[in-house]
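A short worksheet on the structure shown next.
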Amino acid sequence: MNNFSVSIENTNMMFESLLKKKKSLYDIYFYDASWTQQYCPYFVNLSKYLGKDHINKFNENIVSQLCLCDGHLIGLPVELHYEALYSNKELLKKYNKRVPKTWKELLDTGKEILEKERALNNIELIGYNGGFFDIETGICSIYEFIHSSREDINSPFPDLRSKEVLDAVLLLKEIKEEISSDEIFTSNLDYAFSKLQDGKAIFLKFYVYFTELIRTDSPYEMTSLPGINEGVSSTILTGYNIGIANSLDEEKLESALKVVKYLTSREVQKKFVLQNMTISAMTSLYDDEEVCANIKNCKMFRDAQPIAKPVDKTKDFNEYAARFSEYFYSFLYNNEDASTILRKIDDLARVYYIQINSKETSIGLIIFTLLIITIPLILLSLIFIHINKFSDHFSFLSKPSWYLIIIGIVVSLSSGFTKFGMISDIKCHLNDILFYTGYSIIYIPMLWKLIILLKLENKYSKWITKNRCKFISIFGLINLILNGLTLIDSYDIEDIIVNEGQNFQICAKNRIFTKLMYLLIIGYNIIIMTTLLLLIFIEWGLRKMYYDIRFILTSLYLNIITFIIFSVFNFLKIHNYILYFILHMSSLFIISIINYLTLYGIRLFIPQSKKSSGNESIIYDKTEVHESTYRNSENIQTNTFFSFQTKNIFSEV
């Protein structure tokens, strides 16, 4: 880790350690506004205690960038820091040039003046300092420059992959090569300050320096930084907020609020501005005649177009800033391809997800198309249970039961729709609810049928036989309760960070309650499957159920194998969002298609296979051939005997 990251991290840790104490050592804190998100849990929400009239005195854009966290106002800005362009007014006047309004104009003006001055042997003159060095200053310089490439003043921060940003960074490199150098662009603030003092620069980028504003002999005129288009500007937005610790009792809180109200009042802010002590976020002050009569650059401060550091882009801003700067400098100083670098920078904070229409991959459209084709086809196939030609092959269950099985398959398969778009807590819940609800629905009618086939003589068996709907409803209610309880707690959205790759997110069951409910749902389905396997074993020798039992067993076996493979996938660390999506959707499709074919679909092909062999009798009439072979097998006889004995045991219960 570099020195910048260590220094910032140590400072934050020290500050946060003070805030974490149950009884805060201080009531009021002045803190670096860049770390508002990190300090969010430790300060009171001032919007509950300060009136709207007081809060609305501050610039809404500045407050939203520096003071808000999860919708809470945890501080108010008491001091702002801006960057500005210092133009050598003497040289501009000498060559009849104006202060540049665009970066292209800065390049052209600087190039012309620099060439003419060097012809006069003014070799110490520089064109522009840049300020693209280290990480802390570098991230600010890069970010505000990209922000200045907006199309107009109302445009949002530009897309890093856009042509506008690409053209802008290429222009920046041209500025460096034409009127500056690598050495000057990487020079620190001390170098810039020295040029501010000796006047040997055409243009300088430096923080708003109030001593320079007070000087009457300064060769420089301070203005907003230029933009790609005239009227567009930018400056990095930093400063200090005032906040109140949330561990105070009512008496201390009331006193602290009085201090905050005073320090953030219009009167005190105006006093600080008049003394050239600060830039105020109360921008209406720069419309005050008294203020503008006593300070310079009222219009610049009033019309500034600030952008805060991207501290909320990722969970680790220090790492983000370091890699952001590293990538950009590899383009600026080492001739790396600009578009490649911008993509790598964008990937640092971008979260990839599967979309139906995406430039990244067509897999989303393919899978979505398969879903919207497969689901209607499965539903339409229900028509076959109403066709006489197929009716005998669906006699194992009633028509409502077949409807229930098909609905279960469709509901389970429909969980695939939650895999498209950004991951959210509701999508995570919906995915599991749809899948496990559908999955359990599939086997409940089968369970009922196999239980009544035992023909046990006890009150439970009789009740189940007479109350099919109630039996199925009980299992449905259990499933509803289990899945409903999962909504009590939320899922964790886990970031999968891929170094120099494509980040994505997954639904993570990290919380104890979520894990517990997930295990209960899994256990519930395992009990159903185990019971089915036991019943199949007991009823293995039933003649008229010969194929039905084997269809169910095949479905269960293939499901178990698929679940095992799927579980292995979940334990693997997959760092490709497309592969992750394909594996999950493939598992879902395989399970759904297996259940459809083995439980329902295979029955549609039985008449065709029989007809092609010249035999149109129903399959159950032909099971005698299988049964004769079956009875000649010693192993099967043993199973039949076991089945008979088991029935006797159950009948005695």
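In this note's numbering, each number is its position in the sequence shown, counted from 1, plus 477. Glycine included, C-beta positions come from ideal geometry on N, C-alpha and C. On a predicted model such as this, the values are computed, not experimentally measured, just so you know.
Residues bridged to residue i (per DSSP)
i     : result
D972  : Q982
H1061 : In DSSP, H1061 forms no bridge with anything.
H906  : DSSP output for H906 lists no bridge partner at all.
H549  : C546
Y697  : N565
P554  : N718
T851  : DSSP lists no partner for T851.
F507  : I719
Y995  : In DSSP, Y995 forms no bridge with anything.
Y829  : F981
M579  : Just to set this straight, residue 579 is Thr in the shown sequence, not Met. Its beta-bridge partners are G704.
Cβ shell of residue i (< 6 Å), same chain only, five flanking positions each side left out
i    : result
A678 : I603 and K672
T791 : Y797 and A826
P783 : T712 and L714
P696 : N565, E567 and G676
Y913 : I998
L496 : Y519
D909 : none
N956 : T914 and S917
I656 : G587, K588, L591, G604 and Y605
Residue i, DSSP secondary structure in three states
i     : result
Y563  : strand
G604  : strand
K836  : coil
C544  : coil
A678  : strand
Y920  : helix
F683  : strand
I1126 : Low per-residue confidence applies at I1126: pLDDT is 31, beneath 50, and the placement is therefore not dependable enough to give any value.
D869  : helix
T741  : coil
Y1073 : helix
D644  : helix
L502  : coil
T755  : coil
V888  : helix
L597  : coil
E977  : coil
R670  : The sequence shown places Phe at residue 670, rather than the Arg named in the question. Reduced to three states, the DSSP call for F670 is helix.
T663  : coil
F520  : strand
Y526  : coil
Y810  : coil
Y880  : helix
F894  : helix
E537  : helix
D966  : coil
Sequence-distant residues of the same chain with beta carbon closer than 8 Å to residue i, five excluded per side
i    : result
F648 : With the sequence shown as reference, residue 648 is identified as Leu, and Phe is not the correct amino acid for it. Correct list, in chain order: W580, K581, L584 and I705.
G769 : A small correction: the amino acid at residue 769 is Cys; Gly does not occupy that position in the sequence shown. Y763 and C775.
Cβ-based neighbour list, residue i, same chain, cut-off 7 Å, excluding 5 preceding and 5 following
i     : result
D1098 : Any answer about D1098 is weak, because its pLDDT of 39 lies below 50 and its placement is not dependable; what the coordinates show is given next. Cβ within range, chain order: n/a, list empty.
L964  : H906
G841  : I831, Q832, I833, S835 and F897
S816  : L643
D764  : R779
I1055 : T838 and I840
T1031 : T1075
Any non-hydrogen atom of the ligand NAD within 7 Å of residue i CB
i    : result
A733 : Inclusion of the ligand NAD in the displayed structure is not the case, the ligand content being empty and no account of it being possible.
Whole beta strand (DSSP E) runs in the region 700-726 with 3 or more residues, listed along the chain? Uninterrupted beta strand (DSSP E) stretches at least 3 residues long and entirely within the region 700-726 occur at 712-721, given in chain order.
Runs of 3 residues minimum, wholly inside the region 761-805: which ones carry the beta strand (DSSP E) assignment? For the region 761-805, whole beta strand (DSSP E) runs of length 3 or above, ordered along the chain, are 783-785.
For the region 925-952, list the beta strand (DSSP E) runs that are entirely contained and at least 3 residues long, ordered along the chain. For the region 925-952, not a single whole beta strand (DSSP E) run of length 3 or above is found.
Is the region 550-564 close to the region 627-636, with three or more CB pairs under 8 Å? Because the criterion of three Cβ pairs below 8 Å is not met, the region 550-564 and the region 627-636 do not touch.
Count the C-beta pairs between the region 963-982 and the region 916-936 that are closer than 8 Å, then say yes if the count reaches three, no if not. Taking 8 Å as the limit for Cβ pairs, the verdict is that the region 916-936 does not touch the region 963-982.
Tell me, please, whether the region 723-735 touches the region 749-758 by the rule of three or more beta-carbon pairs shorter than 8 Å. No contact exists between the region 723-735 and the region 749-758.
Does the structure place the region 1059-1069 close enough to the region 877-897 that three or more beta carbon pairs sit under 8 Å? Judged by Cβ distances under 8 Å, the region 877-897 makes contact with the region 1059-1069, as three or more pairs qualify.
Can you find at least 3 beta carbon pairs, one from the region 949-969 and one from the region 982-992, that sit closer than 8 Å? In this structure the region 949-969 lies against the region 982-992, because at least three pairs of beta carbons, one per stretch, are closer than 8 Å.
Are three or more beta carbon pairs between the region 500-515 and the region 546-553 nearer than 8 Å? Output reads yes: the region 546-553 touches the region 500-515.
Any chance the region 915-928 sits against the region 877-886, with 3 or more Cβ pairs inside 8 Å? In short, these stretches touch, since the Cβ pair count reaches three.
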